[in-house]
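Comments concern the structure below.
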Amino acid sequence: MTYAAPIADIRFALEAAADFWSLRARFPDLDEDLLAAILEGAAQLANDALAPINRSGDLAGVSLQDDVVTAAPGFAEAYAAYREAGWLSLSADPAYGGQGLPRALSLAVMETVQSANMSFGLLPMLSLGAIEALEQHGAPDQKALYLGKLISGEWAGTMNLTEPQAGSDLGVLTTKAVPQADGSYAISGQKIFITWGEHELTPNIIHLVLARIEGAPAGSKGISLFIVPKFRDEDGSRNAVRCIGLEEKMGIHASPTCTMAYEGAQGWLVGEENRGLAAMFTMMNSARLNVGLQGVAIAEAAYQKAHAYAQERKQSGGLIITHPDVRRMLLLARAKIQAGRALCYATAVAADSGDKAREDLLTPLAKAWCTELGVEAASLGVQVHGGMGFIEEAGAAQFYRDARIAPIYEGTNGIQAIDLYGRKLMSDRGEAMRALIAEAHAASGKALHLKEAAQALDHATDYMLSAPREDGLAGAFEYLMLAGDVAAGTLLAQGLSRDDAKDKRALMEIYDAYVLARAPSRLAGIKIGAGALKAV
492 MTYAAPIADI
502 RFALEAAADF
512 WSLRARFPDL
522 DEDLLAAILE
532 GAAQLANDAL
542 APINRSGDLA
552 GVSLQDDVVT
562 AAPGFAEAYA
572 AYREAGWLSL
582 SADPAYGGQG
592 LPRALSLAVM
602 ETVQSANMSF
612 GLLPMLSLGA
622 IEALEQHGAP
632 DQKALYLGKL
642 ISGEWAGTMN
652 LTEPQAGSDL
662 GVLTTKAVPQ
672 ADGSYAISGQ
682 KIFITWGEHE
692 LTPNIIHLVL
702 ARIEGAPAGS
712 KGISLFIVPK
722 FRDEDGSRNA
732 VRCIGLEEKM
742 GIHASPTCTM
752 AYEGAQGWLV
762 GEENRGLAAM
772 FTMMNSARLN
782 VGLQGVAIAE
792 AAYQKAHAYA
802 QERKQSGGLI
812 ITHPDVRRML
822 LLARAKIQAG
832 RALCYATAVA
842 ADSGDKARED
852 LLTPLAKAWC
862 TELGVEAASL
872 GVQVHGGMGF
882 IEEAGAAQFY
892 RDARIAPIYE
902 GTNGIQAIDL
912 YGRKLMSDRG
922 EAMRALIAEA
932 HAASGKALHL
942 KEAAQALDHA
952 TDYMLSAPRE
962 DGLAGAFEYL
972 MLAGDVAAGT
982 LLAQGLSRDD
992 AKDKRALMEI
1002 YDAYVLARAP
1012 SRLAGIKIGA
1022 GALKAV
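Spelled out as structure tokens, the structure:
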């Protein structure tokens, strides 16, 4: 069994739940034929080119020799097909070769890519983030030089933040940038965990690197962002940046995770000095939504494999798909996948429509809630397989291993919770969250327990706004998960008025019973207080 892109479910989430067609005013070229053609083309690539090399890529992995990373077999050909079809250009600026379509549509395409092959999907995902960062913060000459080739996929992009001593605390990074007479900077330092930091699938790699200019203020206020190409622009010579090691990881084995050494590499400042984090967070927020979608995508792939296995495996006189607990696991996974899919797409629609408050609120929910879903659904997939799920040969374990990184990278889910509480909730004193709660109440007639869950979120919001900061931080993760339960459930419920929603109504019943009915119990964890977490 291989992956088959769930086009009908994707379209339902886009159109019925995420209000995709509200974007027509901003994107007049949108129509149903275009949507269908794009999704069908993406499905063909995912089904025929990417899914078949997912397992083999996991087994083969990548290798490093003499500063050269060799990709898994088939990846170069798959990337060539991806590039030739122009998938990176969907939502990019037409001035540089992009198609100017909604980000939500690009995200739907990316779902099929990530489901079919998460290791592969990380390569274009990082390029998409680099494109967004340069579109918003690059100088005109930088845009002219880099954007066209990034958008076409001729070149790839990376994001270089983490250092051995500086993970989420970027204020302590030590990579330095020394001004040169020609206006460039000499970049020196080491970066770790750099996804697709080195490879030969593209003739050049454009690294976006955080570094500190000599004499800059300490902490996060003294960080700048630089473009550091693998090959120099003016003469094509090799820059002084190289991969000096590859991580041996739990999953995503076909995606090289590199330690990068910058040894006086030539780089160019992006934006203003000491304003690098603002520019980098454009790329980071793009990555956070795409990582949330990875959670949905890997959950879908794990569900499909488990569902196929349950239809073939006989036990106790019949197929295991007839067993009530197996059906419970499969239906719970599918219900949460459809709800999480709607949450990611709704976040992208908010970005496309310019609703910044809603986009800011939903982004940490999409990233954290959906990546937790990815791990949960992959774990359920292993469980459906029974003992065979624990055996690598069956293939279910790969989805769990791959899924486990998503709650960690691009800001751990604990950091997403802090962001939701400390930045989003406090900045508007709960205004955007109250709007979300009002939507839940409006849709509560379509789900038995949605009103109770919304009331619990309202009560939790009151608590978080008034609690001492330490107590708020103690409850922040459970608060985020409660908000995710409600937001995803609301979006699923909002789509049920469509004529073709019969199977989604059945999923709503499952979601209602297993998620929304339990949601108010999260209040205890939200209110536990910092003291209880220090007691042991």
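Each number in the numbering used here corresponds to the 1-based position in the sequence shown with 491 added. All C-beta atoms, glycine included, are put in the ideal place defined by N, C-alpha and C.
Is it buried or exposed, Ala702, if we count other Cβ atoms within 10 angstroms and call 16 or more buried? The C-beta of Ala702 has 16 or more other C-beta atoms within 10 Å across all chains shown, which makes the residue buried.
State the DSSP-derived secondary structure class of Gln889, mapped to helix, strand or coil. helix
Who pairs with Cys749 in a beta bridge, going by DSSP? Ile685, Leu737
Rounded Cβ spacing between Lys827 and Gln907 (contact assumed at less than 8 Å): No, Lys827 and Gln907 are not in contact; Cβ-Cβ is about 18 Å, not under 8 Å.
So, at 6 Å on beta carbons, what are the nonlocal neighbours of Ala945 in its own chain, with the 5 sequence-adjacent residues on each side left out? Within the same chain, Ile928, Ala931, His932, Val977 come within 6 Å of Ala945 by CB-CB distance, once the 5 residues on both sides are set aside.
Is the Cβ-Cβ distance between Ala572 and Ala537 less than 7 Å? Ala572 is not a Cβ neighbour of Ala537, given a cutoff of 7 Å.
Please report the residue range of the alpha helix (DSSP H) in which Leu530 lies. From DSSP, the alpha helix (DSSP H) with Leu530 extends over 523-536.
Could you name the residues of the same chain whose beta carbon sits closer than 6 Å to that of Leu911, not counting the 5 residues immediately before and after it, in chain order? Pro855, Leu971
Quick one: is Ala770 buried, meaning 16 or more other Cβ sit within 10 Å of its Cβ, or exposed? buried
Any idea what DSSP makes of Asn776, helix, strand or coil? helix
So what's His744 in DSSP terms, helix, strand or just coil? Note: His744 maps to coil in three-state DSSP.
Strictly by DSSP, which residues pair up with Gln785? DSSP output for Gln785 lists no bridge partner at all.
Would you tell me roughly how many angstroms separate the C-alpha atoms of Leu596 and Met924, rounded to the nearest one? 25 Å
Is DSSP giving Trp646 helix, strand or coil here? coil
Under 7 Å between the Cβ atoms of Ser746 and Leu613? Taking 7 Å as the Cβ cut-off, Ser746 and Leu613 qualify as a contacting pair.
So, using beta-carbon positions, are Asp510 and Val1006 closer together than 7 Å? no
Assigned secondary structure, Gly809 (DSSP; H/G/I helix, E/B strand, else coil): strand
What did DSSP end up calling Tyr637 once you bin it into helix, strand or coil? helix
Leaving out five residues before and five after Ala607 in sequence, what residues of the same chain have Cβ atoms less than 6 Å from its Cβ? Tyr494, Ala537, Leu541, Ala542
Neighbour-count burial assignment, Lys805, 16 or more Cβ in a 10 Å radius: exposed
Alpha helix (DSSP H) runs wholly inside the segment 536-574, at least 4 long, in chain order: 545-551
Compute the Euclidean distance between the alpha carbons of Tyr891 and Gly680, then round it to the nearest angstrom. 34 Å
Fully enclosed by the segment 836-879, which beta strand (DSSP E) runs are 3 residues long or longer? none
As a quick exercise: from Gly552, Phe518, Leu581, pick the residue whose alpha carbon is nearest that of Leu530. Leu581
Straight-line gap, Glu850 to Ile789 (C-alpha atoms, nearest Å): 23 Å
Which same chain residues end up closer than 6 Å to Gln590 when comparing Cβ atoms and leaving out the 5 residues on each side of it in sequence? Ser580, Leu581
Is it buried or exposed for Lys995, if we count other Cβ within 10 angstroms and need 16 for buried? Counting C-beta atoms within 10 angstroms of its own C-beta, Lys995 has 16 or more neighbours from the protein chains shown and is therefore classed as buried.
DSSP bridge partner residues for Phe518 (one or two, in chain order): Phe518 is not bridged to any residue.
For Lys721, three-class secondary structure by DSSP: coil
Backbone CA spacing between Leu617 and His814 [nearest angstrom]: 42 Å
Straight-line CA distance for Gly565 to Ile544? Gly565 and Ile544 have their alpha carbons spaced roughly 7 Å apart.
Have a look at the DSSP bridge pairing and note the partners of Tyr488. No answer is possible for residue 488: it lies beyond the span of the chain, which begins at 492 and ends at 1027.
Roughly how many angstroms separate the alpha carbons of Pro615 and Leu692, rounded to a whole number? 11 Å
Closest residue to Leu525 among Met751, Glu961, Val600 (Cα-Cα distance): Val600
For Ile1019, the first and last residue of its enclosing beta strand (DSSP E): Per DSSP, Ile1019 belongs to no beta strand (DSSP E) and is neither H nor E.
Pull up the DSSP beta-bridge partners for Ile697, would you. Gly648, Pro720
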